[in-house]
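I have placed the structure first, in the form of structure tokens, so that the comments after it can refer back to it.
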């Protein structure tokens with residue numbers, strides 16, 4: 012029962028950063044998912060896949076795992092590239108290599 016500690020990525024339908032500031036703890040699946048023959052749904056007997064814990068800091072999540080004796084793996088978030096500031100007036104600047112056209 013290994014746990015993953017990570018910062019969740021922003022949802023594709025989301026423009027803000029809500030729900031991405033917390034650290035999340037998920038358990039690795041112990042059993043493979045199987046397809047139900049009657050309905051075709053996927054299911055698993057592993058109940059730990061349904062557990063998601065959220066922590067304010069990475070250190071809180073690590074402390075929880077160490078206190079409970081859970082082996083864990085920390086996945087560091089990717090560093091976001093700095094956004095380039097661009098203004099509409101840059102389209103008409105004299106320093107442009109090509110003249111602006113419609």
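Numbering (our numbering), first residue to last: 12 to 113.
We put the beta carbon where it would ideally sit given N, CA and C, even for glycine.
All values reported here derive from a predicted model rather than from experimental measurement.
| field | For residue 18 and residue 32, the rounded distance between their alpha carbons | value | 7 Å
| message | Need the endpoints of the beta strand (DSSP E) that residue 83 sits in, please. | response | 83-86
| query | Among the residues of its own chain, which have a CB less than 7 Å from the CB of residue 67, if the five just before and after it don't count? | reply | 33
| task | Would you list the residues sitting across from residue 35 in a DSSP beta bridge? | result | 17, 65
| request: Return the Cβ separation of residue 36 and residue 72 in integer angstroms, given the expectation that the two are a contact with Cβ distance under 8 Å. | output: 5 Å
| message | If you measure between the beta carbons of residue 26 and residue 44, is that distance less than 7 Å? | response | no
| message | Please classify residue 16 as buried or exposed, where buried requires at least 16 neighbouring CB atoms within 10 angstroms. | response | buried
| Going by alpha carbons, who is nearest to residue 88 out of 13, 20, 14? | 20
| message | Given this structure, state the Cα-to-Cα distance separating residue 51 from residue 69, to the nearest angstrom. | response | 38 Å
| request: Could you tell me how far apart the beta carbons of residue 57 and residue 41 are, in whole angstroms, since I believe they sit closer than 8 Å? | output: 5 Å
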